[in-house]
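Worksheet: the structure to be examined is printed underneath.
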Amino acid sequence: MNNDFFSRREIKRKQRFFVSRKGARQLCSIRYMLLLVLLAGIAACQKAGFSYDNVVDNQQTDYILTDTLSVAMKTILYDSVPTSGSGLLLIGTKSDPYLGAVTAGSYFQVIQPTGYDIPANGSAFDSLRLILRPSGYIAGDSLQPQSLQVYRVTQTIQFAKTFYSLYNNSSFATENTPLGTFSGIIRPKTDKSVSIPLSDALGSQLFTMLRDKSPEVSAGPNFLDFFRGLKIVPGPGSAALMTFLAQDTSLTMRLYYHINEIVTTVKYVDFKMNASELQFNQVTANRSGTPLEKLQVPVRELPSSATGNMSFTQSLTGIGTRIDLPYLKNMQQLGQFFKIMKVILTVYPAAGTFNGSSQIPARVALCQVDKTNTVTDTLSYGSLTVDNQYNENTYYSYDITNYCNTQLTADDNGARGLFLTTPGGAGRNSFDRLVINDQQAPRKKIKVQVYYLLYK
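So the sequence shown is numbered by the numbering used here: it starts at 758 and just counts up by one.
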């Protein structure tokens, strides 16, 4: 029998699971309960997954814990990540020693205003501004000046045929020269808005069209043919990622004008964000000089042995961790009758890669994937325990008992791996990432605890 799937710390088959005298007494009670169950099963040879063959226990049933089952880990690169309709603009640049330099920009449409009446005489254009409202999130230093650039989109923002999302790698053409720029400190927790001055030439043109009620600004799709949308990207020197609200009440291109009367009156009209489902965030990553430098098309997966005995999860940039238990089925060779009772997967963020709950996702989904790394089911969102004082005992835990029992009898078509990813929009609107040590690391390494019954 090949027992290579356990490490040198393998628990011998005859070893009982004792921790203390009190634990011994508890285990003794458990043994008597097991004996009663076995005796009750003499008349029926099938009992809770065991075939007892009418054999009385005679002190030969062990309840064993092992945490040395081999775990194989890989970092997987997705084809693309849907980022449209999130309700947030993600803009900026952030460098990470593990995942590289991430750059994010955002596309959206605006629609012409309604209910305005600009008099032909005595009115004049003042300025055109893009008004952004911070959501409160930032990855990076908020005390450093941020730089933003706004470009006019020259291609219709729309879904590709048969698709209903836009993705982190979607792109639409823009003009070469920005309509406006911003440079300054943005305090995302306290600033109510950020105002970016836009081209006076465009503002004056729009004012004239509104005042004269040109067809391009009348009701209907004419305006979107004339003005297809905006793209915001980080400018030179940006060193933080932040989000802004993307709703028709919070994202506007505002045109200021005045009317010369007895008292000059300043007024404005708003071009509000349109079609929230078409707003999306474009995200790119430069992984040069990082453990994931070779993870680029056509290479779509790297084993942890090739990335410093670590694997990585960050939905924003399209990477996740695949976990396999290659020797799980071999455990059935341990004895005549074997049954898994409970299996717990514990995932520790690697020491030094986070601060408290900062930078690690609040939730990480555990999914099933097939041989092509296609998700076939979501098993659990796990439980996150945070050690805010020492950062020594922060971990995610998952009950994978049902998964393991299913895989014990699965054929090649039914074989599934496990996949760690951040769920839904939360992970796609933040820089949060998870760095995991494999079993070769000296500490804070991934762990699988298998509790099983064994009758020899």
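The C-beta atom is built at its ideal place from N, Cα and C for all residues, glycine as well.
According to DSSP, is residue i helix, strand or coil?
| i | result |
| --- | --- |
| Asn1170 | coil |
| Arg1011 | strand |
| Glu1058 | strand |
| Asp957 | helix |
| Thr965 | helix |
| Ala1063 | helix |
| Asn1031 | strand |
| Gly857 | strand |
| Leu1165 | helix |
| Leu889 | strand |
| Lys1086 | helix |
| Gly994 | coil |
| Glu767 | For Glu767, the predicted model reports a pLDDT of 43, less than 50, meaning its position is unreliable; a value from the coordinates is still stated below. DSSP places Glu767 in coil when its eight states are reduced to three. |
| Leu1073 | helix |
| Leu1175 | strand |
| Val1023 | strand |
| Leu1141 | strand |
| Asn1148 | coil |
| Tyr924 | strand |
| Arg1200 | coil |
| Tyr873 | coil |
| Arg1079 | strand |
| Asn933 | coil |
| Asn1112 | strand |
| Leu1091 | helix |
| Gly1224 | This structure cannot settle anything about residue 1224, because the visible part of the chain is limited to 758 through 1213. |
| Gly1184 | helix |
Which first and last residues belong to the alpha helix (DSSP H) in which residue i is found?
| i | result |
| --- | --- |
| Tyr1153 | Element bounds for Tyr1153: not the alpha helix (DSSP H) but the beta strand (DSSP E), Tyr1152 to Asp1156. |
| Phe984 | Unbroken run through Phe984: none, as it is neither H nor E. |
Residues in the same chain with beta-carbon distance under 7 Å from residue i, minus the five sequence neighbours each way, listed in chain order, please.
| i | result |
| --- | --- |
| Thr1064 | Thr832, Pro1048 and Leu1049 |
| Asp1214 | For residue 1214 there is no data in the structure shown, the boundaries of the chain being 758 and 1213. |
| Asp1127 | Thr1133 and Arg1173 |
| Phe964 | Phe882, Leu1012 and Tyr1014 |
Within the same chain, show all residues whose beta-carbon is closer than 8 Å to that of residue i, passing over the 5 residues directly before and after it, in chain order.
| i | result |
| --- | --- |
| Ile1203 | Val828, Met830, Ile1080, Leu1102, Thr1103, Val1104, Tyr1105, Ile1193, Asn1194, Asp1195 and Gln1196 |
| Leu826 | Phe762, Phe763, Leu1082, Tyr1084, Leu1085, Met1088, Val1205 and Val1207 |
| Tyr1138 | Arg1120, Val1121, Ala1122, Leu1123 and Pro1180 |
Excluding the 5 residues flanking residue i on each side, which residues of the same chain have their C-beta closer than 6 Å to its C-beta?
| i | result |
| --- | --- |
| Thr860 | Thr850 and Thr1041 |
| Tyr835 | Gly1075 |
| Ala896 | Lys851, Leu998 and Phe1188 |
| Asn1038 | Thr840, Leu847, Ala861 and Ser863 |
| Arg778 | Note that Arg778 has pLDDT 38, beneath the 50 cutoff, so the model's placement of it is unreliable and the number below is only indicative. Closer than 6 Å at Cβ, skipping near neighbours: no residue. |
| Ala797 | Here Ala797 scores only 42 on pLDDT, less than 50, and its place in the model should not be relied on; the value that follows carries that caveat. Excluding residues within five positions, none has a Cβ falling inside 6 Å. |
| Ala1198 | Asn1066 |
| Ile875 | Leu967 and Arg968 |
| Val1023 | His1015 |
| Ser1256 | It is not possible to answer for residue 1256, since the shown part of the chain is limited to 758 through 1213. |
Let's see if you can read the secondary structure: which residues bound the beta strand (DSSP E) around residue i?
| i | result |
| --- | --- |
| Asn1043 | Phe1037 to Asn1043 |
| Thr919 | Per DSSP, Thr919 belongs to no beta strand (DSSP E) and is neither H nor E. |
| Gln906 | Gln903 to Arg909 |
| Asn1194 | Leu1191 to Asn1194 |
| Ile833 | Ala829 to Leu834 |
| Gln1125 | Ala1122 to Val1126 |
| Gln1206 | Lys1204 to Tyr1212 |
| Thr1129 | Taken as a continuous stretch (DSSP letters only), Thr1129 belongs to no beta strand (DSSP E), as it is neither H nor E. |
| Val838 | Run containing Val838: none; DSSP gives neither H nor E here. |
| Ile868 | Here Ile868 belongs to no beta strand (DSSP E), and DSSP marks it neither H nor E. |
| Gly941 | Gly937 to Gly941 |
| Thr1103 | Phe1094 to Val1104 |
For the putative contact between residue i and residue j, defined by C-beta atoms under 8 Å, what is the C-beta separation to the nearest angstrom?
| i | j | result |
| --- | --- | --- |
| Val907 | Gly937 | 5 Å |
| Gly1184 | Pro1118 | 6 Å |
| Val867 | Asn1031 | 6 Å |
| Tyr1153 | Leu1141 | 5 Å |
| Leu1091 | Leu1211 | 6 Å |
| Ser880 | Ile1019 | Incorrect: roughly 15 Å between the Cβ atoms, too far for contact. |
| Leu955 | Arg890 | Not really, about 17 Å apart at Cβ, beyond 8 Å. |
| Val1121 | Leu1052 | Val1121 to Leu1052, Cβ: 19 Å. No contact. |
| Asp1027 | Pro870 | 6 Å |
| Gly992 | Ser904 | 3 Å |
| Thr1078 | Leu1177 | 4 Å |
| Ser961 | Ile888 | Not a contact, Cβ separation roughly 19 Å. |
| Leu856 | Arg1044 | 7 Å |
Tell me whether residue i, by its Cβ, gets closer than 8 Å to a heavy atom of the ligand FAD.
| i | result |
| --- | --- |
| Cys1161 | Inclusion of the ligand FAD in the displayed structure is not the case, the ligand content being empty and no account of it being possible. |
Can you find at least 3 beta carbon pairs, one from the region 994-1008 and one from the region 968-977, that sit closer than 8 Å?
They do not touch, by the three-pair rule.
Taking one C-beta from the region 929-938 and one from the region 909-920 each time, how about it: are there three or more such pairs within less than 8 Å?
yes
Count the CB pairs spanning the region 940-959 and the region 1052-1060 that are closer than 8 Å, and state whether there are at least three.
In short, these stretches do not touch, since the Cβ pair count stays below three.
Below 8 Å, how does it come out for the region 917-927 and the region 837-855: are there three or more Cβ pairs, yes or no?
yes
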